[in-house]
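Reminder that position 55 of the sequence shown reads as 55 in the numbering used here, one-by-one numbering, no gaps.
Beta carbons: idealized from backbone N, C-alpha and C, even for Gly.
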Amino acid sequence: MNIISISIPQSLEGKITQTNNIEICLCIGCKTYLKHEVLVDIYHTHDEYDGILTMYYNHRILRCINCDLISYQDKTVNSEYVDQIGEEDDGTPIWEENELIQVYPLRDNETAFSKEFEKILPEEIYSTYEEVITALNNKMPLLTGLGLRTLLEQIVKYFGKFDDLGIILTQFEEDGYISTKQRALLDDIRYLGNDAAHRADPKSRKDLILHLKVLENLIQQLFVYYKLEEESQKK
Ligand SMILES: [Zn+2]
């Protein structure tokens with residue numbers, strides 16, 4: 001990306017500092033942690049409780065050094081909250097200020113979608129997978145539940161020869177592609193989608209992440225192993 005200009009309002013004249021700051025954060029373009037160049041950094045403080053407490057704020061525009069994707073970062077530090085991160089040789093504690101960092105669009109370490117799935121999934125299934133991650137990262141449990149169910153249906157129907165999800169899963173179980181335990185977890189995802197659709201009953205984030213992991217596992221099994229076996233049978 002070739003940046004043409006960054007405009008700064010006149011009211012900020014005399015308050016501009018040149019920096020070379022780099023922040024490391026999860027890039028949703030590259031789907032991994034990478035250095036980001038800080039293009040703009042607005043820094044201000046705010047005293048609270050008659051100066052007992054000071055809040056430090058940074059509002060930053062970041063650019064990934066690999067893919068140029070732009071993100072926005074909010075960083076808040078509270079002067080009262082410090083964490084001990086170690087000790088000097090003489091036992092003096094080493095403190096670090098406790099930072100609260102949020103990067104937008106929202107992204108999440110637990111669900112940092114892996115490039116691997118983009119490589120192994122057909123395009124239309126990968127696009128559902130990405131939507132599920134976006135819904136999960138943006139704290140939309142109902143849509144995540146519906147998305148997980150749709151994703152399960154797309155994955156299974158890609159390989160199954162029937163229209164009924166239950167029949168295909170039974171077939172997979174009989175052929176040994178999934179275990180009985182896994183079958184039960186996949187049935188949970190079917191009902192999870194039904195609950196989300198008919199009873200507006202959202203599940204907890206922990207549950208949703210668990211079910212996402214179950215589906216990621218299934219993707220590995222079917223798109224890697226099943227496909228390999230199919231290809232070797234053709235030869
Ligand atoms: Zn990137």
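Can residue i be considered in contact with ligand 1, in the sense that its beta carbon sits closer than 8 Å to one or more heavy atoms?
i	result
L62	no
N66	yes
L39	no
L106	no
L218	no
L34	yes
G29	yes
L228	no
L69	yes
Measuring alpha carbon to alpha carbon, tell me which of the options ends up nearest residue i.
i	options	result
Y72	V224, V103, I125 and P93	V103
Y56	N66, S79 and Y49	S79
L151	R107, H211 and Q182	H211
G176	K161, Y225 and K139	Y225
T54	T76, C67 and H36	T76
C25	D50, D89 and I101	I101
P105	K139, E123 and S232	K139
H44	I16, I4 and I22	I16
R190	T32, P9 and G166	G166
D41	Q18, K119, C27 and I52	Q18
I125	E116, T134, Y158 and W95	Y158
Q84	E96, T92 and D74	E96
C64	C27, I94, E87 and H46	C27
Would you mind stating whether residue i and residue j have Cβ atoms separated by less than 9 Å?
i	j	result
N98	Y81	yes
I155	L69	no
D187	L169	yes
N2	G29	no
L142	R205	no
L185	T144	no
A200	R149	no
Below 8 Å on the Cβ atoms is my contact criterion, and I expect residue i with residue j to pass it. Report the Cβ-Cβ distance as a whole number of Å.
i	j	result
I219	L121	7 Å
L62	L39	7 Å
K203	L192	6 Å
Within 9 Å of any Cβ in chain B, is that where the Cβ of residue i sits?
i	result
D163	Of the chains in the structure shown, none is chain B; there is only one protein chain.
(message) If we require 3 or more residues per run, which beta strand (DSSP E) segments fall completely within the region 75-122?
(response) If only uninterrupted beta strand (DSSP E) runs of at least 3 residues are considered, those enclosed by the region 75-122 are 93-104.
(message) I'd like the ranges of any alpha helix (DSSP H) spanning at least 4 consecutive residues and lying wholly in the region 116-192.
(response) The qualifying runs are 123-137, 141-159 and 165-174.
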